[in-house]
Amino acid sequence: MADETGIVADVLVVGGGLAGTWAATAAARAGARVVLAEKGYCGTSGVTATAGPGHWWVPPDPALRASAVARRAEAGLGLGDPHWMHRILHTTWETLPTLAGHYAFPRDGAGQIQYRALRGPEYLRAMRTVAEQAGVSILDHTPALELLRHDDGSVAGARLWRRRAGVPLTVRAAAVVLATGGCAFRSHLLGSANLTGDGLLMGVEAGALLSGMEFTGYATVAPARTTMTRSMAYAFADYFDAAGRPIPVRSGPDAVRDVAAALLRGTVFCSLARMPADIRAALPRISPNVQLVFDRLGIDPFTERFEVTVHPEGTVRGTGGLCTADAGCQTHVAGLFAAGDVATREPVAGAISGGGAQNSAWALSSGLWAGQAAAARAAALGVRGDAPATGAGTIRRRAGGVAPESVVGAVRAEMLDLGRTLFRTEGALRGSLARLDTVWDGIEAGIDEAADPLRAREAAALAACGRWSWSAALARTESRGLHQRLDHPGSDPQQAHRLIVGGLRETWVRPDLARRPAEAAA
Numbered sequence: 002m003a004d005e006t007g008i009v010a011d012v013l014v015v016g017g018g019l020a021g022t023w024a025a026t027a028a029a030r031a032g033a034r035v036v037l038a039e040k041g042y043c044g045t046s047g048v049t050a051t052a053g054p055g056h057w058w059v060p061p062d063p064a065l066r067a068s069a070v071a072r073r074a075e076a077g078l079g080l081g082d083p084h085w086m087h088r089i090l091h092t093t094w095e096t097l098p099t100l101a102g103h104y105a106f107p108r109d110g111a112g113q114i115q116y117r118a119l120r121g122p123e124y125l126r127a128m129r130t131v132a133e134q135a136g137v138s139i140l141d142h143t144p145a146l147e148l149l150r151h152d153d154g155s156v157a158g159a160r161l162w163r164r165r166a167g168v169p170l171t172v173r174a175a176a177v178v179l180a181t182g183g184c185a186f187r188s189h190l191l192g193s194a195n196l197t198g199d200g201l202l203m204g205v206e207a208g209a210l211l212s213g214m215e216f217t218g219y220a221t222v223a224p225a226r227t228t229m230t231r232s233m234a235y236a237f238a239d240y241f242d243a244a245g246r247p248i249p250v251r252s253g254p255d256a257v258r259d260v261a262a263a264l265l266r267g268t269v270f271c272s273l274a275r276m277p278a279d280i281r282a283a284l285p286r287i288s289p290n291v292q293l294v295f296d297r298l299g300i301d302p303f304t305e306r307f308e309v310t311v312h313p314e315g316t317v318r319g320t321g322g323l324c325t326a327d328a329g330c331q332t333h334v335a336g337l338f339a340a341g342d343v344a345t346r347e348p349v350a351g352a353i354s355g356g357g358a359q360n361s362a363w364a365l366s367s368g369l370w371a372g373q374a375a376a377a378r379a380a381a382l383g384v385r386g387d388a389p390a391t392g393a394g395t396i397r398r399r400a401g402g403v404a405p406e407s408v409v410g411a412v413r414a415e416m417l418d419l420g421r422t423l424f425r426t427e428g429a430l431r432g433s434l435a436r437l438d439t440v441w442d443g444i445e446a447g448i449d450e451a452a453d454p455l456r457a458r459e460a461a462a463l464a465a466c467g468r469w470s471w472s473a474a475l476a477r478t479e480s481r482g483l484h485q486r487l488d489h490p491g492s493d494p495q496q497a498h499r500l501i502v503g504g505l506r507e508t509w510v511r512p513d514l515a516r517r518p519a520e521a522a523a
């Protein structure tokens, strides 16, 4: 697949996590020549590799599925799509068991195979093997820096960076699948170091649209000064202030907001003494890394209180991402597809988090659909490798330009502040957005030419994602799901629609009234 200018493929998949490996495998099995480029090492990179992902797993009984979809649609507060939910349930049920030759699914006490919950490290290791056996050519440590476009605006491939060699690489392709994950704003969420919003920036530079970017108000409790953001154990948590007084914390999705509010007042401690004995015994098997952290700290979380913090998760377990324009997860840019967390999860999650189950099922399903559709486009149109193509990237570099490290620090200060992220007001959002706009002005003037190309792109993507998130949060003058406004505490039926976001120099937001529920439009 190589020529003198780089590599020619039918399909280029950018990102080697859960969605990317499913997309690459699907495209290769459809007969396409597939290159998968991963910023880290495919099989260990991303949040799935550090987690115990479940899947939205409902047997193919019409009544059961109708009930599951109805509950999820109601929980999504008017922004979900039952049609997509049914597709996801079907695709996940049919596809996940096909890993049986590569992944050892456990059995329950009755001997029944359990497909729903998997162990992340083994899952991703299996997916790398599956992709390689399907014929996918994997480029590790090779991030994408910008997309390439034909004169008609369609995607022509991408420019990559071979990190170890320190050289660029061009891949020409008939279709590109972005599967780069979400943006965690460098929050120390476990497994998120590479999740800097690169794919969101590349997509918008090429002409794609975003949706759901206001739904970034998801955060996770973790032992203080650690990245251990596996949250299952905290369903049994009790919290205390520095004086040992109990802190009232609601159950369910409001629990983290209560903990965050307490953290804004002072130090918070936690006890897991209420965890049942059988779950304690199973915890090392279900989430071995959770117990490992406590062992290293010398803490028994079931008998001792330990200090906790809260890590915001940005769009990772939020909802926002690139809009998909058709059933094959193609964006509004011809030849550009989006899968997994880089795409909006509003079809399955609505205004709330997809958590582990819905997000994992979405990653599998959207990856499969995007890979198949990308392969079909390549088969129909060919690569057009000799046609002129130009880079869509908009980030320039110059001597003495802004340092990526200063950009990252400025973005983290704005996007990881619990008061702004979880307790939003117009004044705080406007002030934060104004400061991020100033950061963006510095980026547009040029990033230091001595900076590593990847770090320059990551810094720009973090700033862009922050501006899109706060722009959407300002436009949604209500509280809905993960977006909570202290100055607009109630939900507004007239805002039961998605918000489309875009723009680089100037961000913009408009309502997607075509997806507005009929009862809200009445």
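Here the working numbering is used: the first residue of the sequence shown is 2, the next is one more, and so on. Where is the CB? At the ideal position from N, CA and C, for every residue including glycine.
Exposed is the label assigned to residue 114, since fewer than 16 other Cβ atoms lie within 10 Å of its Cβ. Annotation for residue 204: the continuous alpha helix (DSSP H) segment containing it runs 199-207.
Residue 170 is bridged by DSSP to 161.
Looking at the DSSP output, residue 339 bridges to 179. Secondary structure of residue 22 (DSSP, three-state): helix. Around the beta carbon of residue 459, 16 or more other beta carbons lie within 10 angstroms, which makes this residue buried. Taking the Cα of residue 155 as reference, the smallest distance to any Cα among 449, 411 and 338 is reached at 338. Within the model, the alpha-carbon separation for residue 194 versus residue 187 is close to 6 Å. By the Cβ criterion, the region 368-384 is not in contact with the region 122-139, since fewer than three pairs of Cβ atoms, one from each stretch, lie closer than 8 Å. Cβ-Cβ separation between residue 164 and residue 143: approximately 7 Å, consistent with a contact (criterion under 8 Å).
In this structure, residue 33 sits near residue 12, with a CB-CB distance shorter than 7 Å. Using a Cβ distance threshold of 7 Å, residue 178 and residue 14 count as a contacting pair.
At least 7 Å separates the beta-carbon of residue 404 from that of residue 367. If you compare the alpha carbons of 84, 352, 152 and 311 with that of residue 497, the shortest gap goes to 352.
About 31 Å separates the beta carbons of residue 212 and residue 99, which is beyond the 8 Å limit, so they are not a contact pair.
A straight line joining the alpha-carbon of residue 78 with that of residue 258 spans about 19 Å.
A distance of 7 Å or more separates the beta carbons of residue 436 and residue 429.
Restricting attention to 444, 92 and 433, the CA atom closest to the CA of residue 467 is found in 433.
Residue 303 carries a coil assignment under DSSP once its states are collapsed to helix, strand and coil. Contact between residue 149 and residue 391 is confirmed by a C-beta separation of about 7 Å, below the 8 Å threshold.
When the Cα atoms are used, residue 413 and residue 313 turn out to be separated by approximately 10 Å.
Going by beta carbons, residue 317 and residue 227 fall outside the 7 Å limit.
Residue environment: residue 169 is assigned as exposed (fewer than 16 neighbouring CB atoms within 10 Å of its CB, all protein chains considered).
With a cutoff of 7 Å on beta-carbon distance, residue 182 and residue 342 are scored as near each other. Sixteen is the threshold: since fewer than 16 other Cβ atoms of the shown chains lie within 10 Å of the Cβ of residue 84, the residue is exposed.
Residue 142 sits in coil when the DSSP states are folded into three classes, being neither helix nor strand. Put simply, the region 394-401 does not touch the region 242-252. Fewer than three CB pairs are less than 8 Å apart. Under the DSSP assignment, residue 8 falls in the beta strand (DSSP E) whose first and last residues are 7-15. Counting the other Cβ atoms within 10 Å of the Cβ of residue 110 gives fewer than 16, which makes it exposed.
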